[in-house]
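A.B. asks: The structure that follows is given in the form of C-alpha cells.
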Ligand code: HEM
Ligand code: FES
C-alpha cells in the first residue's frame, strides 16, 4: 500500500529497468525503506527501536553463526569448546561477548519497543496484526534465548533447562511425559543439548520470517505516531529516505556505542558467575535465576505460593506466567478507547505511569532476587496489579474515560495549524478508531 | 461480553494472588524467619585493586609471574588449571625456552610407545596443565570429601571474583566467640576451617598460604608476605580466566572512540537533512 | 554564493557520515573473516618424537605430525643406490637423496605421507602395500609414483613428497617439527 502522494520508483539506468521488470527487488526496497514510503513526520525516538531491533537480530544471527563454527553440542565438551573459542579462536572472545550481550541488548530494545506500543496504543486498529505478530516474535525470542543459554552447559545452563522444562511438568496428566519428551530423557543431557542447539539455530530464522510479516503488516496502514492521529495529507509525512534513514542511522551509531561499552568493558556484568562453572547434575547452585530479561515472568511464576481451590500453586504459577504474555494477544480488543495515544487519555495515563510502570519495575527486581520475604510478597502485589491492569483496569477505564481533544492532524500538532482543519468534525475531541477510516483502505 | 470475560479472568488471577499474599503475609508477620549464622557473619570481599582494573588496565607481568609461581608451588597440589596450556605462559613474559622448561617440569598423561600402556611424560608447550587427581573420587578421597575446583575460571565464577579469591586466602580466622554464643550449633566441624568470606563460613581447604617466605620471590620483587602472595595469585587467576583482557580493553578503546566520532557525524548529518523540517 | 557554500558543507557532512558507516562495515567484516583462520591452539608449534630403533632396513612406519601422516623409512643400501643412480637434473622436481636426508643418516628418509597432487596418502609405507613402479610410494588416487627417495617420477603430482623439519635427538629418536 501506500499513500496516494508516495513517490514512485522510476529507474533511470537500463539495467535497473531490466531488473525492475524481472525481479523488482529495488522497487521493494524503495517502497519499504526508501523514498517511496511516507512516514509521519512527528515520530519521536521511541519509533527508532523497531529499526534497532532489526540491527540486534542481525548481530545475533551473524555472531551466532560464527559461534556455531567453533561449538560442539556434546555435554562432554560443550563448555570447553566455548572456552576454546574465547581463548584461541581469532576474535573468538569478541564474538562470544557480542553474542551474549547481544541477547541482552535485543531484549532491552524490544522492551522499549513494546513499551512504545503500549503507551501510544500502537496495538489498536488498524495495526492489530502488527501487534499480534510482535507478540509471536517475543515468544519466539524467549524460546531462542532460553535454549541459547543452555548451550555453554554451565551450572545455570543445566539448572535453567531443568527448571524451565519442569514448568511443563506442572500441566495435569500430560505434564511428566511432556517434560520427558522435551528433554528426551529424565534430566537434561546430550539429547536435550543437541535438540536445543538445533532449535537455537533454527528459530532466529523463523523470527526473520515473522519480522518480514510484521513489517509487511505495518506497511499497510503505515506507522502510527505520538499523537495517534492517522495521517491525513501529504504535509503529515516525510519520505523514509532520506529523513528516517538519517534518524535511524544516527540512532544505530548511538546504540552501537553503548553496546560496545558493554561488550568491551562490562562483558560479564549481565551474566551469572555460576555459568562459568561446568554443569554438575549432582549439585544445584544456591540461587538459580534466569537471565534478567525473564525476571518479570519468573517473579510472576514464584508469586503463587498457595493452592487456589483445587488448583495447585505450581500449576497456578505456570498458568499465570504464560497468561502474563498471552494476555497481550487480547489487548486490541480489551482496549475500547477510540483514542490511541495515552497522551490524550488522562485517566489511563495515570494507571499507566503509576500502576503498570512501577509494577514492571518491582517484577523485574523481585524476579532476580532470592525467593525470600519481602520479595515474594512484593511480587505478589505487583503481579496482582499486572493482571488487574490489563484485564480489569484497561477495559473499564477505556470505556468510561473522556479523552482530551486531539489535534486535527499531525501537521496541526507540529506546526500549530493545518489548512485542512476546517474539515474538523463537529465534536473534534475524538477520532474513532475504525478500520474503514484508515488510509490503507482508501489507497 | 468480552469485557465481562476479561474481568472474570482478571479476578481469577488477582484473587489467587491476594490469597497467596494474605497467607504469606500472615506467616511472615507471625513467624519471623529464623536467623542464620551465614546470614549474619558472611562478609563481602575486601576492597583490593589490580593493575588490570579499569578501562586502561594492563596486566603487571611481573606480578603474574609471581602469581604463577604461587599457583605452581602451592595451589597446583590440589587445584587443576585445565583451560590453560603451557604455551599460554609466553603471555606472562616468559621466553619460548623458559616455557619449554616449565612444561617439562610437569608430568602429563602419556602413552607408552611400545606397550601402549598409560604412563606419564614431561609436558610440552602444547600440553595443558595436568590435573592433580585422576578423577573426582580420588580428589574427594584426598581432600576430606570435598573436590578442589578447577581454578582457570575462578575469578569469573564468583561475584567480585578477584577480590573474593584474595579475601578468602587472607580471611582465615578463629571462629568468633560471638557467633558461638548466638549459634551454638554452628561450630565449625572438625576438618573444616572458619572463613567469613566463604558462603557457608566453613571451608574444607586448610589455609594454603601460611607464612612469609613460603614461596621464594627472586630479587627485585616484593617480600612474599601472605598478603602479597594472595594478591599475586589472584592477579594470576584474573589472567587465567580472561587472557584476552588487555586486547579486549584496547580494542574497545579504538572501537568506542571511532563510534563516538561516527555517531556525532551521523547526528550532524541527521540535523542537516531535517533542517527546516519541523517535527 | 553563500548558499552553495552551505550546500557543499552539508553534502560533505552527509558523505562523511556515510563513509564512516562504510569504515564501520569493513571493521566488522575483518574479524568475521579472520575468525575462520586457524586458531592459536591449532597453530601452536607442536612436535612429535618418534622412536626409530625398531625400524629394520627396508621397513617404514607412519607417524602423525600436525594431524597428517609422516613416513619414516629405513632405506636398504640397494634402495640408496637406486636413488643415487638417477640423474637428478632430469627429474620433475630435481633433488638428490642427499638433499632430502641428513648427513651421515642417508638411510633415514623422512617425508610427509601426503601426496603433492591432491593430498591422498600414498601406499608403500605400510606392511604389504604396493610401492609402485619406482620402488618408493604409489598414490592410488590418480596414480602418482614416487621413487626410493620419495621423488615424483610419474603421474600428476607436481613435486616430491615434502620433507618436514626434523632433527635426530639421539641415534634412535627423531623429533619432527
Ligand atoms: C525481532 C523483533 C522485532 C523487530 C525486528 C521489529 C521491527 C519493527 C519495525 C522495524 C517497526 C517499524 C518501526 C517502529 O515503529 O519502531 C515495528 C513496528 C511495530 N512493532 Fe515491532 N519488531 C519486533 C518485535 C515486536 C514485538 C515483540 C512487538 C509487540 C509485542 C512489536 C510491536 C510493534 C508495533 C505495534 C509496531 C507499530 C508501531 C507504530 O506504528 O506505532 N514488535 N517493529
Ligand atoms: S592425490 Fe595422489 S595422485 Fe592425486
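Protein chains in written order, with the working numbering: chain A, 54 to 496; chain F, 6 to 284; chain Y, 23 to 199.
All C-beta atoms, glycine included, are put in the ideal place defined by N, C-alpha and C.
Cβ closer than 7 Å: which chain Y residues qualify as neighbours of residue 144 of chain A?
C.D. replies: For the purposes of this step, residue 144 of chain A is identified with residue 91 of the first chain, where counting begins at 1. Result: 53, 56 and 57.
A.B. asks: Mapping the DSSP letters down to three states, classify residue 159 of chain Y as helix, strand or coil.
C.D. replies: Within the third chain, the letter at position 137 stands for residue 159 of chain Y. Three-state result, residue 159 of chain Y: strand.
A.B. asks: Out of curiosity, what's the CA-to-CA distance linking residue 179 of chain F and residue 223 of chain A?
C.D. replies: To locate residue 179 of chain F, count along the second chain from 1; it is residue 174. To locate residue 223 of chain A, count along the first chain from 1; it is residue 170. For residue 179 of chain F and residue 223 of chain A, the distance between alpha carbons rounds to 47 Å.
A.B. asks: What would DSSP say about residue 374 of chain A, mapped onto helix, strand or coil?
C.D. replies: Along the first chain, read from residue 1 onward, the residue named residue 374 of chain A stands at position 321. Residue 374 of chain A falls in the helix class under three-state DSSP.
A.B. asks: From the DSSP output, in three-state form, read off residue 63 of chain F for me.
C.D. replies: Numbered from its first residue, the second chain carries residue 63 of chain F at position 58. Three-state DSSP puts residue 63 of chain F in coil, outside helix and strand.
A.B. asks: Taking Cβ-Cβ distances shorter than 9 Å, what residues in chain Y pair up with residue 288 of chain F?
C.D. replies: Residue 288 of chain F lies beyond the residue range present for chain F, which begins at 6 and ends at 284; the question has no answer from this structure.
A.B. asks: Could you name the residues, in chain order, whose CB is less than 5 Å away from a heavy atom belonging to the ligand FES?
C.D. replies: Cβ-based neighbours of the ligand FES within the cut-off: Y/137, Y/139, Y/140, Y/142, Y/161, Y/163, Y/164 and Y/166.
A.B. asks: Consider the Cβ of residue 73 of chain Y: report whether some Cβ of chain F lies at a distance smaller than 7 Å.
C.D. replies: Translated into positions along the third chain, residue 73 of chain Y becomes position 51. Closer than 7 Å to some Cβ of chain F, the Cβ of residue 73 of chain Y qualifies, so yes.
A.B. asks: Could you say which of A/449, A/473, A/414 and A/398 lies nearest to residue 458 of chain A if we only look at CA atoms?
C.D. replies: Here residue 458 of chain A corresponds to residue number 405 of the first chain, with the count starting at 1. When only C-alpha atoms are compared, the closest one is A/398.
A.B. asks: Name the residue from A/464, A/305, A/381 and A/283 whose alpha carbon lies nearest to the alpha carbon of residue 282 of chain F.
C.D. replies: The residue you call residue 282 of chain F lines up with position 277 of the second chain. Per the Cα distances, A/464.
A.B. asks: Is the CB of residue 68 of chain Y under 7 Å away from at least one CB in chain F?
C.D. replies: Your numbering for residue 68 of chain Y matches position 46 in the third chain. Interface residue, yes.
A.B. asks: How would you write the range of the beta strand (DSSP E) that residue 112 of chain F sits in, first residue to last?
C.D. replies: For the purposes of this step, residue 112 of chain F is taken as the residue at position 107 of the second chain. That run of the beta strand (DSSP E) goes 112 to 116.
A.B. asks: As a quick exercise: from Y/141, Y/189 and Y/137, pick the residue whose alpha carbon is nearest that of residue 159 of chain Y.
C.D. replies: Counting from one through the third chain, the residue named residue 159 of chain Y turns up at place 137. Out of Y/141, Y/189 and Y/137, Y/137 has the C-alpha closest to the C-alpha of residue 159 of chain Y.
A.B. asks: Closer than 7 Å, Cβ to Cβ, to anything on chain B: give me those residues from the segment 143 to 170 of chain A, in chain order.
C.D. replies: Of the protein chains in this structure, namely A, F and Y, none is chain B.
A.B. asks: The beta strand (DSSP E) spanning residue 2 of chain F covers which residue range?
C.D. replies: Nothing can be reported for residue 2 of chain F, as the shown portion of chain F is limited to 6 through 284.
A.B. asks: How is the alpha helix (DSSP H) around residue 468 of chain A delimited, first residue to last?
C.D. replies: The residue you call residue 468 of chain A lines up with position 415 of the first chain. Residues 463 to 468.
A.B. asks: Identify the continuous beta strand (DSSP E) that holds residue 106 of chain Y and give its terminal residues.
C.D. replies: By one-based count along the third chain, residue 106 of chain Y stands at place 84. Looking at the DSSP string, residue 106 of chain Y is not in any beta strand (DSSP E); the run it does join, the alpha helix (DSSP H), is 99 to 107.
A.B. asks: Assign residue 218 of chain F to one of three DSSP states: helix, strand, or coil.
C.D. replies: Along the second chain, one-based indexing puts residue 218 of chain F at 213. In this structure, residue 218 of chain F counts as coil in the three-state DSSP scheme.
A.B. asks: Using the DSSP secondary-structure output, state which residues sit across from residue 70 of chain Y in a beta bridge.
C.D. replies: Numbered from 1 along the third chain, position 48 holds the residue referred to as residue 70 of chain Y. For residue 70 of chain Y, which the question treats as bridged, DSSP gives the partners Y/198.
A.B. asks: Taking 8 Å as the limit between beta carbons, can you name the residues of its chain near residue 132 of chain A, skipping five residues before and five after?
C.D. replies: Along the first chain, read from residue 1 onward, the residue named residue 132 of chain A stands at position 79. Cβ within range, chain order: 205, 206, 207, 331 and 332.
A.B. asks: Name the chain Y residues whose beta carbon is nearer than 9 Å to that of residue 128 of chain F?
C.D. replies: Within the second chain, numbered from 1, the residue matching residue 128 of chain F stands at position 123. Within 9 Å Cβ-Cβ: nothing; residue 128 of chain F doesn't reach chain Y, min ~13 Å.
A.B. asks: Excluding the 5 residues preceding and the 5 following residue 132 of chain F in the sequence, name in chain order all residues of the same chain whose CB lies nearer than 8 Å to its CB.
C.D. replies: Indexing the second chain from 1 puts residue 132 of chain F at position 127. Hits under 8 Å: 90, 91, 108, 111 and 113.
A.B. asks: Roughly how far, in whole angstroms, is the beta-carbon of residue 149 of chain A from the beta-carbon of residue 88 of chain F, given that I think they are within contact range, below 8 Å?
C.D. replies: Your numbering for residue 149 of chain A matches position 96 in the first chain. Your numbering for residue 88 of chain F matches position 83 in the second chain. In fact, because the Cβ distance is near 14 Å, the residues do not count as touching under 8 Å.
A.B. asks: Does any C-beta atom of chain F lie closer than 7 Å to the C-beta of residue 210 of chain A?
C.D. replies: By 1-based counting over the first chain, the position of residue 210 of chain A is 157. Judged by the 7 Å Cβ criterion, residue 210 of chain A is not in contact with chain F.
A.B. asks: Is there contact here, the segment 259 to 267 of chain A with the segment 54 to 74 of chain A, by at least three beta-carbon pairs under 8 Å?
C.D. replies: The segment 259 to 267 of chain A is not in contact with the segment 54 to 74 of chain A.
A.B. asks: Can you tell me whether residue 415 of chain A is helix, strand or coil according to DSSP?
C.D. replies: Here the question's residue 415 of chain A lines up with position 362 in the first chain. Residue 415 of chain A: helix per DSSP, three-state reduction.
A.B. asks: By the 10 Å Cβ neighbour count, where 16 or more other Cβ atoms means buried, how is residue 57 of chain Y classified, buried or exposed?
C.D. replies: Looking up residue 57 of chain Y in the third chain gives position 35. It counts as buried.
A.B. asks: Could you run through the segment 417 to 433 of chain A and flag, in chain order, every residue whose CB is less than 8 Å away from some CB of chain Y?
C.D. replies: The residues in question: there are none.
A.B. asks: Rounded to the nearest angstrom, how far is the Cβ of residue 62 of chain A from that of residue 89 of chain A, given a contact under 8 Å?
C.D. replies: As a first step, residue 62 of chain A must be located in the first chain, where it is residue number 9. As a first step, residue 89 of chain A must be located in the first chain, where it is residue number 36. Residue 62 of chain A to residue 89 of chain A, Cβ: 6 Å. Contact.
A.B. asks: Tell me the DSSP bridge mates of residue 207 of chain A?
C.D. replies: Translated into the one-based positions of the first chain, residue 207 of chain A becomes position 154. Looking at the DSSP assignment, residue 207 of chain A forms a beta bridge with A/331.
A.B. asks: So the beta strand (DSSP E) residue 90 of chain Y belongs to, where does it begin and stop?
C.D. replies: Numbered from 1 along the third chain, position 68 holds the residue referred to as residue 90 of chain Y. Residue 90 of chain Y -> beta strand (DSSP E) spans 90 to 96.
A.B. asks: Have a look at residue 107 of chain A and residue 58 of chain F and give me their C-alpha separation to the nearest angstrom.
C.D. replies: Reading the first chain from its first residue, position 54 is the one you call residue 107 of chain A. Reading the second chain from its first residue, position 53 is the one you call residue 58 of chain F. Each residue's alpha carbon lies about 34 Å from the other.
A.B. asks: Using 8 Å as the threshold, is the segment 387 to 397 of chain A in touch with the segment 269 to 284 of chain A, meaning 3 or more CB pairs across them?
C.D. replies: Verdict: yes, contact present.
A.B. asks: Alpha carbon to alpha carbon, how far is residue 128 of chain A from residue 121 of chain A?
C.D. replies: As a working mapping, residue 128 of chain A is identified with position 75 in the first chain. As a working mapping, residue 121 of chain A is identified with position 68 in the first chain. Roughly 15 Å separates the two Cα atoms.
A.B. asks: Below 7 Å between beta carbons: does that hold for residue 165 of chain F and residue 50 of chain F?
C.D. replies: As a working note, residue 165 of chain F is residue 160 in the second chain. As a working note, residue 50 of chain F is residue 45 in the second chain. Contact: yes.
A.B. asks: Report the CB separation of residue 270 of chain F from residue 35 of chain Y in whole angstroms; it is logged as a contact under 8 Å.
C.D. replies: Within the second chain, the letter at position 265 stands for residue 270 of chain F. Within the third chain, the letter at position 13 stands for residue 35 of chain Y. Confirmed, Cβ separation roughly 7 Å.
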